[in-house]
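Presented below is the structure to which this report refers.
There are 2 protein chains.
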Amino acid sequence: MTRGEDGDSLPERNLRADAQRNEDAVLEAARQVFAETGVDAPVRDIAARAGVGVGTLYRRFPNRSDLVAAVFRREVDACAAEAARLSAEHPPAEALVRWLRRYTRFIATKRGLAAALHSGDPAFEALPAYFRANFEPVLTGLMQAAAAEGEIRGDVAPYDLLRAIGNLSSATGADGAAHAGSMVDLLIDGLRLGAASRAKMPDR
Amino acid sequence: MTRGEDGDSLPERNLRADAQRNEDAVLEAARQVFAETGVDAPVRDIAARAGVGVGTLYRRFPNRSDLVAAVFRREVDACAAEAARLSAEHPPAEALVRWLRRYTRFIATKRGLAAALHSGDPAFEALPAYFRANFEPVLTGLMQAAAAEGEIRGDVAPYDLLRAIGNLSSATGADGAAHAGSMVDLLIDGLRLGAASRAKMPDR
DNA sequence: TGATAAATGGAACCTTGTTCCGTATATGGT
DNA sequence: ACCATATACGGAACAAGGTTCCATTTATCA
Chain F
1 MTRGEDGDSL
11 PERNLRADAQ
21 RNEDAVLEAA
31 RQVFAETGVD
41 APVRDIAARA
51 GVGVGTLYRR
61 FPNRSDLVAA
71 VFRREVDACA
81 AEAARLSAEH
91 PPAEALVRWL
101 RRYTRFIATK
111 RGLAAALHSG
121 DPAFEALPAY
131 FRANFEPVLT
141 GLMQAAAAEG
151 EIRGDVAPYD
161 LLRAIGNLSS
171 ATGADGAAHA
181 GSMVDLLIDG
191 LRLGAASRAK
201 MPDR
Chain U
1 MTRGEDGDSL
11 PERNLRADAQ
21 RNEDAVLEAA
31 RQVFAETGVD
41 APVRDIAARA
51 GVGVGTLYRR
61 FPNRSDLVAA
71 VFRREVDACA
81 AEAARLSAEH
91 PPAEALVRWL
101 RRYTRFIATK
111 RGLAAALHSG
121 DPAFEALPAY
131 FRANFEPVLT
141 GLMQAAAAEG
151 EIRGDVAPYD
161 LLRAIGNLSS
171 ATGADGAAHA
181 GSMVDLLIDG
191 LRLGAASRAK
201 MPDR
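Residue numbers (the UniProt record's numbering), protein chains in the order written: chain F, 1 to 204; chain U, 1 to 204.
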């Protein structure tokens, strides 16, 4: 039960330079291909775009779903990280709106992921928790900042909003990122209207 | 825009006797195989079990998903049809309970279907509507009859109950039809308890 | 009982995930 | 700088599954 190595808590270290380079290339290629073709894109296509052989890809990601999950996590990280930048560069309400648009774009690249999530593949089991653990605090922060300035209403649960946008964007499906976008704008307007009209309107 | 043939509203007629026989065999084989292995079972297996070649199968179901959808519809029909029989042979409350158990069994054979539903395949698009259009009226009838006799509470929406059972059964996943079954029994008890204790308890 | 349209079966093909292994190269010690 | 060698690479080869094709068989009907 004992393990000789003591520092293996970080998933990958002592990686040869070319190996690290290739891993990055694969993740970036996969991100692009998944965004263009959906998560069902063939592994060969991704390897080709990354300029590596499939063997190299499989050395790092023992199977397809591991790669999909890794790309997903990476994109969650990137999207969540942007909140800090937006908060620093814009007033709260604008930061919130910009981030919600960014999040909408994130969702839009997830074609086919919903099906994968329900496939029972172990590689995907942790993703919903990862999603929530990263996005909920971020959006909570943005919304509280905007609400504190009276720019939006304060009675909307951040997680509900995350889900609502997710549903809106995936429901429209193939045709329109445009359509989804305008629906999301509607939601955002709703957030604001609630704050603006609160003084005038009764409960409902 | 005019169509010459006037009687093509029924999907298949003038089918040669052996063709009809084979279609039935394929559907029945698919039902069994899907129940045993899940909807991801290979087409070859189904053809083999039906005692036909894959060509025969594909002649009737141009692709895999058409077969899956056809089996699904057929099982919805069978399950819904049983409500009438149960109502005729049993008092309302018992008919309801028996049907809910039957419905639970129906759900249990749907391993993997949830993922397929979200896959975007056009063959599956109409299935949720078909599901609801067939089951909701049936369960509404059963529940109203039981409620009319005071056997169950009357404030549960049939569709909610359908969904609840669906979620319960799919959530337990691989191991236990037994576990799912006992959870469903709990639901059913809840339905009854609501009616029995209504006189004693206040609003909530 | 033929003539003929309908139906059959399963080999063959294509795409896609995954494995394997001979070859190439980064790296650390000398 | 150079070598020894553990690491990593590429892509051919394999397996599995969906789908197509067509030579052969069979139901049907006059």
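Every residue, glycine too, gets a C-beta built ideally from N, C-alpha and C.
- Per DSSP, S65/U is one residue of the alpha helix (DSSP H) stretching across R64 to E89.
- In the three-state reduction of the DSSP assignment, S119/U falls in the coil class.
- When C-beta atoms of the region 76-89 of chain F are compared with those of the region 97-106 of chain F, three or more pairs fall below 8 Å, so the two segments count as touching.
- Of the other Cβ atoms in all chains shown, fewer than 16 fall within 10 Å of the Cβ of A148/F; this residue is therefore exposed.
- Contact annotation for S182/F against chain U: no contact, minimum CB-CB distance about 22 Å [criterion: below 9 Å].
- A check of alpha carbon separations from R49/U across G55/U, L15/U, A30/U and R59/U identifies A30/U as the nearest.
- Around the Cβ of V54/F, a 10 Å sphere holds fewer than 16 other Cβ atoms; the residue is exposed.
- Taking 9 Å as the Cβ-Cβ cut-off, the region 84-118 of chain F approaches chain U at R111, G112, A114, A115, A116, L117 and H118, given in chain order.
- Counting only residues of its own chain and dropping the five nearest sequence neighbours on each side, P128/U has a CB closer than 8 Å to the CB of L117.
- Any Cβ of chain F closer than 8 Å to the Cβ of G120/U would place that residue at the interface, and such an atom is present.
- V71/U and N167/U have their C-alpha atoms spaced approximately 21 Å apart.
- By the criterion of a C-beta distance shorter than 7 Å, R98/F is surrounded in its chain by L86 and H90, once the five residues flanking it on both sides are discounted.
- Only residues of its own chain outside the window of five on either side were considered, and among them G112 have a CB closer than 7 Å to the CB of D40/U, listed in chain order.
- Nearest neighbour of A25/F by Cα position, chosen from S182/F, R60/F, G38/F and T37/F, turns out to be R60/F.
- About 4 Å separates the Cβ atoms of S119/U and A115/F, confirming a contact at the 8 Å cut-off.
- Taking the CA atoms as reference points, V138/F sits about 59 Å from Q20/U.
- Non-local beta-carbon contacts of L57/U in its own chain, meaning distances under 6 Å to residues more than five positions away in sequence, involve V26 and A47 in chain order.
- T109/U sits in coil when the DSSP states are folded into three classes, being neither helix nor strand.
- Counted as a single uninterrupted DSSP element, the alpha helix (DSSP H) harbouring E28/U occupies residues A17 to T37.
- L96/U sits away from E136/U, with the two beta carbons spaced by 8 Å or more.
- Only residues of its own chain outside the window of five on either side were considered, and among them I152 have a CB closer than 6 Å to the CB of R192/F, listed in chain order.
- E36/U sits exposed, since fewer than 16 C-beta atoms from the chains shown fall within 10 Å of its C-beta.
- Residue environment for A69/U: buried (at least 16 other C-beta atoms within 10 angstroms of its C-beta).
- When rounded, the separation of the alpha-carbon atoms in E94/U and A145/U is 11 Å.
- N22/U sits buried, since 16 or more C-beta atoms from the chains shown fall within 10 Å of its C-beta.
- Taking a 10 Å sphere around the C-beta of P122/F, we find fewer than 16 other C-beta atoms and assign the residue as exposed.
- Distance between T140/U and V184/F, taken at the CA atoms: about 36 Å.
- Beyond the five residues adjoining it in sequence on each side, P92/F comes within less than 6 Å, by CB distance, of A145, A146 and E149 in the same chain, given in chain order.
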